[in-house]
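In what follows, a structure is listed as structure tokens, so that the remarks can point back to it.
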Amino acid sequence: MELVTPNFGLIFWQLVTFLIVLFLLTKFAWKPIMSALRERETSIENALSAAEKAKLEMQGLKAENEKLLAEARMERDKILKEASDAGNALVENARNKANEEGSRLIAQAREAIENEKLAALTEVKNMAAALSVDIAERILRKELSDPQAQQALAQDYIREVTLN
Amino acid sequence: MKKLFILLFSFLTITAQAASSEGGEFKPGDMITHHIADDYTWHFADGAVLYLPVILIDNGKPVVFSSSNFYNEHHELVPYNGYVMEHGHIYRANAAGEPSEDKAGLMDFSITKNVASMFISVALLFFVFFSIAGSYKKNAGKAPRGMQSFFEPIIIFIRDEIAKANIGPKYERYMPYLLTIFFFIWFNNLLGLMPGGANLTGNIAVTLVLATLTLLITVFSGNKSYWGHIFATPGVPKWLAPIMIPVELIGIFTKPFSLMVRLFANITAGHIIILSLFSLIFIFESIAVGPLSVAFATFMNFLELFVALLQAYIFTLLSAMYFGGAVEEHDHVDDMGHGDGGH
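First to last, the sequence lines map onto chains P and R.
FYI, in my numbering the residues of the first sequence are 442 to 605.
FYI, in my numbering the residues of the second sequence are 2 to 344.
Set out below in structure tokens:
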């Protein structure tokens, strides 16, 4: 019974001491400790969220870089393709032109040759005619000294004319 | 090993019989009661006794003297200054030097062993937590160091697992009280385990004060829904009110009562068990029991170290739960905190 009978003096001291302890510890220990803990936690939290944000930003930047890179690559491919197309077109064009020019030159040359040939033939004909006339004149001068020979020649001509 | 035990126990029975035939003077009950009860002197060992001051208020008049005045040179109790001490209490002495029946107006505010022990624990609490608070100021925002890093997880545990988990968003108001009772109980439990330590937290007066403070805080922080649950429990028919209201009112007091008894009984029981194990040596008057007793008592001491922490935790946790019940907001659904309520 002694054990479970609270002693008044001890209740008094316990109450007074405990309230003083509660007051002093609250004022000088718990409040500073709790606020320090809270501050540290918020600062850690802020640092973590900042790091997270930076990470996200980095990811965004990386994605953007990759996009830019891909775009640049595409652009390059396009330019290369365009350049090669243009080059091909140029070569094709030049070839066509050269072909055309060649054909034209050949045609021209052929025409000129034809003309030259015709002119040469004409000249040859004319010369042949002149020569013939000349030869004929000389022969005639010599041959037609007698009337019989003249007769025979005239006969020949007539024959020839019909043959022509 | 088994043989050894059999040998030991047979030896025990023989010596026990020998001891009882001699009619031993050692009374373990008295010894244990003396150790766990409060005292006006602090008995560390034979010859090392600290006589504590006696403070009496006799009909409003303070009387202060040393408790050594109650002992003569043969360490026998003698009356002093019209007062006499018997069975750990101070009475007015009658003409024959016997305790008189007249107790009216005599109040005892002596600095007993328990009070002295409490002062030591308080000094320790102040030293520890003021220096920790100092280190928080000194290395603000940095990692904790030394004592700070030992107590910080405990403080955070009390804040997160006890206060936040059980009280909810209004936990901050109760943190100082919860931290103080936790460390007060824990430190005093540990001091009580020291050789020569006082059984402070195993004293019903101490646990009564702590439980009463929890009760007062609970009652004064009770909100509308808390009182609504007591005077008009939701979901209970009106005609049951004459039964429900007294039951709920009793419930207000049984909670702190259980706190008071739990702490008192656990700590006192631990002390009794350890003292009983040591008493075995003296009961059997055999040195052979010594190793066994010491082994068991060592085991019990380790268990008590755990109990010291556990009881501090339980007291704090239950206090937080009572505060939580008092400030909880029941908006629409009454689920008694289990999430299984009706609508």
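Glycine included, every Cβ here is placed at the ideal spot set by N, Cα and C.
A check of alpha carbon separations from Gly89 (chain R) across R:Leu78, R:Phe285, R:Ala96 and R:Gly169 identifies R:Leu78 as the nearest. Short of 6 Å from the beta carbon of Leu194 (chain R), and not among the five residues preceding or following it, lie these beta carbons of its own chain, in chain order: Glu305.
Among the CB atoms of chain R, none fall inside 7 Å of the CB of Gln500 (chain P).
Per DSSP, Thr42 (chain R) lies in no alpha helix (DSSP H) segment; the continuous beta strand (DSSP E) that holds it begins and ends at Thr42 to Ala46.
For Asn140 (chain R), the closest C-alpha among the options P:Leu478, P:Ile576, P:Lys583 and P:Ile452 is that of P:Leu478. Just so you know, the alpha carbons of Thr269 (chain R) and Ile37 (chain R) end up roughly 7 Å apart. Contact note: Ser280 (chain R) does not reach chain P at a C-beta cutoff of 7 Å; the least C-beta distance is about 17 Å. One finds Pro473, Ile474 and Ala477 in chain P with Cβ atoms closer than 7 Å to the Cβ of Tyr137 (chain R), taken in chain order. Residue state for Arg146 (chain R) is assigned as coil, using DSSP reduced to three classes.
Annotation for Glu330 (chain R): no beta strand (DSSP E) segment contains it, and DSSP assigns it neither H nor E. Across the set R:Gly48, R:Phe324 and R:Phe66, the C-alpha of R:Phe66 shows the shortest separation from the C-alpha of Ile56 (chain R). Residue state for Glu552 (chain P) is assigned as helix, using DSSP reduced to three classes. Put simply, the segment 113 to 128 of chain R touches the segment 193 to 207 of chain R. At least three CB pairs are less than 8 Å apart. Judged by beta-carbon spacing, Thr181 (chain R) lies beyond the 7 Å limit of Leu460 (chain P), meaning their Cβ atoms are not closer than that value.
Around the beta-carbon of Phe232 (chain R), fewer than 16 other beta-carbon atoms lie within 10 Å, marking it exposed. By a beta-carbon distance limit of 8 Å, Phe316 (chain R) contacts Ile186 (chain R). Their separation comes to about 6 Å. If the five residues before and after Ser132 (chain R) are omitted, its C-beta is found closer than 7 Å to the C-beta atoms of Met148, all from its own chain and listed in chain order. In terms of Cβ geometry, Tyr323 (chain R) and Lys256 (chain R) form a close pair [threshold 7 Å].
In the three-state scheme derived from DSSP, where H, G and I count as helix and E and B as strand, Pro54 (chain R) is classed as strand.
Around the beta carbon of Leu51 (chain R), a 10 Å sphere encloses fewer than 16 other beta carbons of the protein chains shown; the residue is thus reported as exposed. From the beta-carbon of Tyr227 (chain R), no residue of chain P is found nearer than 7 Å; the closest lies around 23 Å away. Distance from the CA of Ser476 (chain P) to the CA of Gly501 (chain P), rounded to the nearest whole angstrom, comes to 37 Å.
Here the alpha carbon of Ala595 (chain P) sits roughly 16 Å from the alpha carbon of Ile576 (chain P).
Contacts between Tyr178 (chain R) and chain P, judged by CB atoms closer than 7 Å, involve Leu463 in chain order. Here DSSP, grouped into helix, strand and coil, assigns His90 (chain R) to strand. Taking each of R:Leu278, R:Leu125, R:Val210 and R:Phe158 in turn and checking the Cα distance to Ser294 (chain R), the smallest one comes out for R:Leu278. CA-CA distance, Lys165 (chain R) to Gly106 (chain R), rounds to 47 Å. Distances from the CA of Thr42 (chain R) to each of R:Glu99, R:Gly30, R:Ser69 and R:Thr208 were compared; the closest alpha carbon is that of R:Ser69. For Met245 (chain R), the enclosing alpha helix (DSSP H) has its first and last residue at Ala242 to Phe285. Between the segment 148 to 162 of chain R and the segment 483 to 495 of chain P, the count of C-beta pairs closer than 8 Å stays below three; the two stretches do not touch.
Taking C-alpha positions only, Asp587 (chain P) is separated from Ala593 (chain P) by approximately 11 Å. Ala141 (chain R) carries a coil assignment under DSSP once its states are collapsed to helix, strand and coil. One thing to note: Leu281 (chain R) has its Cβ no nearer than 7 Å to the Cβ of Phe188 (chain R). Along the length of the segment 444 to 504 of chain P, whole alpha helix (DSSP H) runs at least 4 residues long occupy 449 to 466, reported in chain order. Scanning the segment 71 to 140 of chain R from its first residue to its last, the whole alpha helix (DSSP H) runs of 4-plus residues come out as 114 to 139. With 16 or more other Cβ atoms inside 10 Å of its own Cβ, Leu214 (chain R) counts as buried.
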